[in-house]
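Read the structure below first, then the notes.
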Amino acid sequence: MTEQPTNFTIEQFYKNISQKKLMAGKCLKCGKIHLPPRPLCDKCLSTGFEWVELPQNGKLLTYTIIHVAPPQFQNMTPYAVGIVQLENSVKIPGMIKDVPLDKIKVGMSLKMEFEEPQQPQQTQWPQWPRYYFRPS
Amino acid sequence: MKGKPLASIVSAGLSKFGRLEGLYAREIFAQAAKEAYERCPKLDPKRDIKALFIGHMGESYEHQGHTGATAADWAGLLHIPATRTEAACSSSGAALRAAIFTIASGLCDVVMAGGVEKMTHRSTSEVTEFLAMASDFPFEQWHGITFPGLFALMATAHMHKYGTTEAQLAHVAVKNHYNGSLNPKAHMQKEIALEQALSSRVIAWPLKLFDCSLITDGASCLILTKPEIAKKYTDTPVHIIGSGQASDTIGMYEREDFTSLRAAKLAAKQAYEMAGVKPEEIDVAEVHDCFTIAEIIAYEDLGFCKPGEGGKLAEKGETSLKGRIPVNTSGGLKAKGHPVGATGTAQAYEIYLQLTGQAGKRQVADAEIGLTHNVGGSGATATVHIYKRG
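Which chain is which? The protein sequence lines are F and W, in order. Numbers 2 to 137, taken from my numbering, label the letters of the first sequence in order. Numbers 339 to 728, taken from my numbering, label the letters of the second sequence in order.
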């Protein structure tokens with residue numbers, strides 16, 4: 002399969018996630034790594050980027066246990082979400098699973114996992130696959 | 339010139355805050371407008387008010403957008419230019435800024451700024467979903483992070499970095515509920531005990547029910563004039579002498595620090611510099627306590643204490659009515675309530691009352707300089723205003 006040129010968009014970020022790849026846009030001019038990728042570098046206003054694969058391991062910076070959720074997450078409560086700093090220092094939020102909620106601690110090591118993509122339902126937007134974190 | 343009035347408040351109105359069953363947002367806004375008109379008999383609203391800016395966050399609640407024209411109509415102000423401002427929970431802070439710009443430009447001499455939200459007819463789950471729209475969708479909402487969840491992430495980070503305690507958070511709730519008990523327009527007018535706050539059900543750990551502001555219906559408005567003509571309308575105007583606004587990333591996760599709101603610090607710096615006022619000169623402040631942790635962070639961002647000491651400030655009672663710097667005398671978003679779009683100008687309403695000696699049982703003695711701090715979303719917008727008794 003030949004690789005098609007891609008745009009540095011959130012849509013493409015999630016297409017990469019569906020391939021179990023955590024990819025960010027790196028500015029060719031100033032080197033800033035953008036997660037999510039963007040079409041215009043907010044640091045130097047350049048529009049040239051390359052894709053870089055990010056490490057899938059990181060440390061938990063902060064977290065919360067959600068007890069009251071919007072309708073689409075109500076059947077999962079209580080669940081943990083946090084902000085993870087990846088090994089290259091880029092930050093990304095996500096759910097934390099496969100660990101008792103009272104064992105979650107700031108600073109713990111986590112690894113990204115990917116949910117299996119669901120059958121697309123044509124009427125629904127968006128159809129982004131989800132990733133999450135678990136203890137490494 | 340530092341401290342030069344930018345615009346002057348000659349009147350203000352506030353609807354009852356609470357569960358206003360059977361009312362539509364525009365009808366609630368009419369209540370606020372009516373109070374402002376009655377408070378200022380020398381003003382002829384139809385003749386004098388030349389523009390309206392109104393903060394309103396969500397169309398989802400009532401299937402109704404286009405709030406500018408609707409509010410102007412129900413306030414009896416057709417056919418003035420009327421524009422809605424939207425900056426999540428800072429929507430009417432932004433409306434106030436727009437009104438100040440309009441006056442400072444010389445375009446209009448008298449302008450109304452206000453805000454409105456009707457929320458309580460929706461389920462908590464629906465409101466949770468609507469409020470989350472103020473945060474990033476593809477990375478925060480999509481991964482189940484709620485709006486309380488974002489402030490809970492800040493609380494966890496603050497507790498981890500500075501040792502702030504859940505009890506210190508609860509002290510903010512107890513104080514604001516006490517103040518709310520003295521405010522006849524507050525949604526909740528009863529005191530709570532520290533233990534009651536600490537044992538309330540968890541919403542997004544470490545935040546519990548009593549750490550969260552209320553889902554409330556309400557509206558607020560201010561009538562502002564060019565400073566030179568304020569005395570034509572009232573003997574007791576309140577001058578706005580500092581105004582700041584700043585933005586930050588929509589995704590909270592992208593920020594360097596989760597224990598402070600950079601937009602609020604930047605907005606405060608602008609407002610303090612413009613006003614030529616230092617934090618210790620503020621006599622009374624209304625800050626954006628959408629969650630108790632947000633009030634603690636506000637103390638630090640506004641310079642009422644050093645970073646990390648906000649929890650202790652609350653615990654020692656320094657921000658209570660009789661304290662060194664009374665904060666949220668109205669009861670704040672916590673007890674007065676948080677009809678999102680109405681909050682920014684509702685904060686200004688309280689400062690207007692305080693600086694004109696009309697705050698009743700919650701009056702701060704001899705208050706001369708006041709401040710409002712209004713935050714949108716998890717801090718992607720912040721507006722700060724400084725007021726001086728005229």
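For glycine and all other residues, C-beta sits at the position ideal for the given N, C-alpha and C. In this text, all values refer to a predicted model and were calculated from it rather than measured experimentally.
Through-space distance from Leu709(W) to His577(W), alpha-carbon basis | Reading the second sequence from its first residue, position 239 is the one you call residue 577(W). Reading the second sequence from its first residue, position 371 is the one you call residue 709(W). Rounded to whole angstroms, the separation of the alpha carbons of Leu709(W) and His577(W) is 12 Å.
Specify, as a first and last residue, the run of the alpha helix (DSSP H) that Asn17(F) falls within.
-> Locating residue 17(F) in the first sequence gives position 16, where the first residue counts as 1. Its alpha helix (DSSP H) spans residues 11 to 19.
Residues near Val702(W) in its chain [Cβ-Cβ closer than 8 Å; skip 5 each side] = Position 364 of the second sequence, counted from the start, is the residue given in the question as residue 702(W). Asp621, Val622, Leu659, Pro664, Thr667, Gln692.
Contact between the segment 591 to 605 of chain W and the segment 391 to 398 of chain W: three or more CB pairs below 8 Å?
-> The segment 591 to 605 of chain W, when compared against the segment 391 to 398 of chain W, does not touch it at the 8 Å Cβ threshold.
Tell me whether Thr405(W) sits in a helix, a strand or coil according to DSSP, three-state version.
-> Translated into the one-based positions of the second sequence, residue 405(W) becomes position 67. Thr405(W) carries a helical assignment under DSSP once its states are collapsed to helix, strand and coil.
Between the beta-carbon of Ala738(W) and the beta-carbon of Ala371(W), is there less than 8 Å?
-> Shown here, chain W extends from 339 to 728; a query on residue 738(W) therefore has no answer.
Residue-chain proximity (His648(W), chain F), Cβ-Cβ < 8 Å | The count along the second sequence starts at 1 and reaches residue 648(W) at position 310. A small fix is needed here, since residue 648(W) is Gly in this sequence, not His. The Cβ of Gly648(W) sits no closer than 8 Å to any Cβ of chain F.
Per DSSP, which residues does Gln583(W) bridge with? Please list them.
-> Translated into positions along the second sequence, residue 583(W) becomes position 245. Thr721(W).
Integer Cβ distance of Ala470(W) from Thr65(F), believed to fall under 8 Å = Locating residue 470(W) in the second sequence gives position 132, counting from the first residue. Locating residue 65(F) in the first sequence gives position 64, counting from the first residue. Thr65(F) and Ala470(W) do not touch by the CB rule: their CB atoms are close to 14 Å apart, not below 8 Å.
Contacts around Ile530(W), its chain only, beta-carbon distance under 7 Å, and the 5 residues preceding and following it disregarded = In the second sequence, counting from the first residue as 1, residue 530(W) sits at position 192. Hits under 7 Å: Ala511, Val512, His515, Phe548.
Gly487(W): contacting residues in chain F (beta-carbon distance under 7 Å) | Along the second sequence, one-based indexing puts residue 487(W) at 149. Within 7 Å Cβ-Cβ: Thr65, Ile67, Val82.
Using a Cβ-Cβ distance under 8 Å, would Leu358(W) count as near chain F?
-> Here the question's residue 358(W) lines up with position 20 in the second sequence. Output row for Leu358(W): interface = no.
Whole-angstrom distance between His35(F) and Gly49(F), CA atom to CA atom = Within the first sequence, numbered from 1, the residue matching residue 49(F) stands at position 48. Within the first sequence, numbered from 1, the residue matching residue 35(F) stands at position 34. Each residue's alpha carbon lies about 12 Å from the other.
Run through DSSP, which three-state label would Thr3(F) get?
-> As a working mapping, residue 3(F) is identified with position 2 in the first sequence. Unreliable placement is indicated for Thr3(F), whose pLDDT of 46 sits below 50; the coordinate value is still reported in the next sentence. Of the three classes helix, strand and coil, the one that applies to Thr3(F) here is coil, per DSSP.
Quick one: which residues of the segment 453 to 474 of chain W get their C-beta closer than 8 Å to a C-beta of chain F? List them in chain order.
-> Cβ contacts with chain F come from Thr462, Ser463, Glu464, Thr466, Glu467, Ala470.
Chain W partners of Ala25(F), CB-CB under 9 Å?
-> Taking the first sequence and counting its residues from 1, one reaches residue 25(F) at position 24. Near Ala25(F) there are no residues of chain W at all, since even the closest Cβ is about 12 Å away, more than 9 Å.
Nearest-angstrom Cα separation, counted from Ile724(W) out to Tyr610(W) | Translated into positions along the second sequence, residue 610(W) becomes position 272. Translated into positions along the second sequence, residue 724(W) becomes position 386. Those two C-alpha atoms are separated by around 7 Å.
Pull out every residue of the segment 537 to 571 of chain W whose Cβ sits closer than 8 Å to any Cβ of chain F, in chain order.
-> So the close ones are Arg539, Val540, Ile541, Ala542, Trp543, Pro544, Leu545.
To the nearest angstrom, report how far apart Val713(W) and His626(W) are at their CA atoms.
-> Within the second sequence, numbered from 1, the residue matching residue 713(W) stands at position 375. Within the second sequence, numbered from 1, the residue matching residue 626(W) stands at position 288. Just so you know, the alpha carbons of Val713(W) and His626(W) end up roughly 6 Å apart.
Would you mind telling me which residues of chain F sit closer than 7 Å to Ala511(W), beta carbon to beta carbon, in chain order?
-> Position 173 of the second sequence holds residue 511(W). Within chain F, no C-beta atom comes nearer than 7 Å to that of Ala511(W); the closest sits roughly 17 Å away.
Roughly how many angstroms separate the alpha carbons of Met497(W) and Gln506(W), rounded to a whole number?
-> Taking the second sequence and counting its residues from 1, one reaches residue 497(W) at position 159. Taking the second sequence and counting its residues from 1, one reaches residue 506(W) at position 168. Rounded to whole angstroms, the gap between the alpha carbons of Met497(W) and Gln506(W) is 10 Å.
Could you say which of Ala686(W), Gly453(W), Ile707(W), Leu445(W) lies nearest to Ala425(W) if we only look at CA atoms?
-> For the purposes of this step, residue 425(W) is identified with residue 87 of the second sequence, where counting begins at 1. Measuring from the Cα of Ala425(W), the nearest candidate turns out to be Gly453(W).
For Lys546(W), which option in Ser538(W), Asp555(W), Ile553(W) has the closest C-alpha, if you only look at C-alpha atoms?
-> Counting from one through the second sequence, the residue named residue 546(W) turns up at place 208. Taking only the C-alpha atoms, the option nearest Lys546(W) is Ser538(W).
Measuring only between beta-carbons, confirm whether Ile34(F) sits less than 8 Å from chain W.
-> If you number the first sequence from 1, residue 34(F) lands on position 33. False, the Cβ-Cβ gap to chain W never drops below 8 Å.
For Ala436(W), which residues of its own chain have a beta-carbon under 8 Å away from its beta-carbon, when the five flanking residues on both sides are left out?
-> Taking the first residue of the second sequence as position 1, residue 436(W) is located at position 98. Excluding residues within five positions, the ones whose Cβ falls inside 8 Å are Phe391, Thr421, Thr423, Ala451.
Rounded separation between Gly356(W) and Ala557(W) - CA only | Here residue 356(W) refers to the residue found at position 18 of the second sequence. Here residue 557(W) refers to the residue found at position 219 of the second sequence. Separation of Gly356(W) and Ala557(W) (C-alpha to C-alpha, rounded to the nearest whole angstrom) is 10 Å.
Neighbourhood of Lys354(W) by C-beta distance below 6 Å, restricted to the same chain and skipping five residues each side = Reading the second sequence from its first residue, position 16 is the one you call residue 354(W). Excluding positions up to five away in sequence, the list reads Lys523.
Between which two residues does the beta strand (DSSP E) harbouring Ile707(W) extend?
-> By 1-based counting over the second sequence, the position of residue 707(W) is 369. Segment 707 to 714, the beta strand (DSSP E) holding Ile707(W).
Bounding residues of the beta strand (DSSP E) (the contiguous stretch that carries Gly452(W)) | Here residue 452(W) refers to the residue found at position 114 when the second sequence is read from its first residue. 448 to 455 is the span of the beta strand (DSSP E), which, as asked, contains Gly452(W).
For Thr408(W), which residues of its own chain have a beta-carbon under 6 Å away from its beta-carbon, when the five flanking residues on both sides are left out?
-> Against the second sequence, residue 408(W) aligns to sequence position 70. Contacts found: Arg364.
Tell me the DSSP bridge mates of Asn89(F)?
-> By 1-based counting over the first sequence, the position of residue 89(F) is 88. Partner(s): none; Asn89(F) has no beta bridge.
Select from Gln583(W), Glu504(W), Asp386(W) the residue whose C-alpha is nearest the C-alpha of Pro544(W).
-> As a working mapping, residue 544(W) is identified with position 206 in the second sequence. Nearest option by C-alpha distance: Glu504(W).
Span separating the alpha-carbon of Gln402(W) from that of Glu653(W) = Along the second sequence, read from residue 1 onward, the residue named residue 402(W) stands at position 64. Along the second sequence, read from residue 1 onward, the residue named residue 653(W) stands at position 315. If you take the alpha carbons of Gln402(W) and Glu653(W), they lie about 42 Å apart.
At a CB-CB cut-off below 9 Å, which residues of chain F make contact with Thr484(W)?
-> Locating residue 484(W) in the second sequence gives position 146, where the first residue counts as 1. By Cβ distance, chain F contributes Thr65, Ile67, Val69, Ala70, Pro71, Phe74, Val82.
Where Arg700(W) falls, given that 16 or more other Cβ within 10 Å makes a residue buried | Sequence index remark: in the second sequence, residue 700(W) carries index 362 (1-based). Its Cβ being crowded by 16 or more others within 10 Å, Arg700(W) is buried.
Please list, in chain order, all residues of the same chain as Met2(F) whose beta carbon is under 6 Å from its beta carbon, the five residues on each side excluded.
-> Along the first sequence, one-based indexing puts residue 2(F) at 1. Residue confidence is low: Met2(F) scores 45 on pLDDT, short of 50, so the model does not pin down where it sits. Its coordinate-derived value is still stated next. Taking C-beta separations shorter than 6 Å and ignoring five residues to either side along the sequence, Met2(F) has no partners in its chain.
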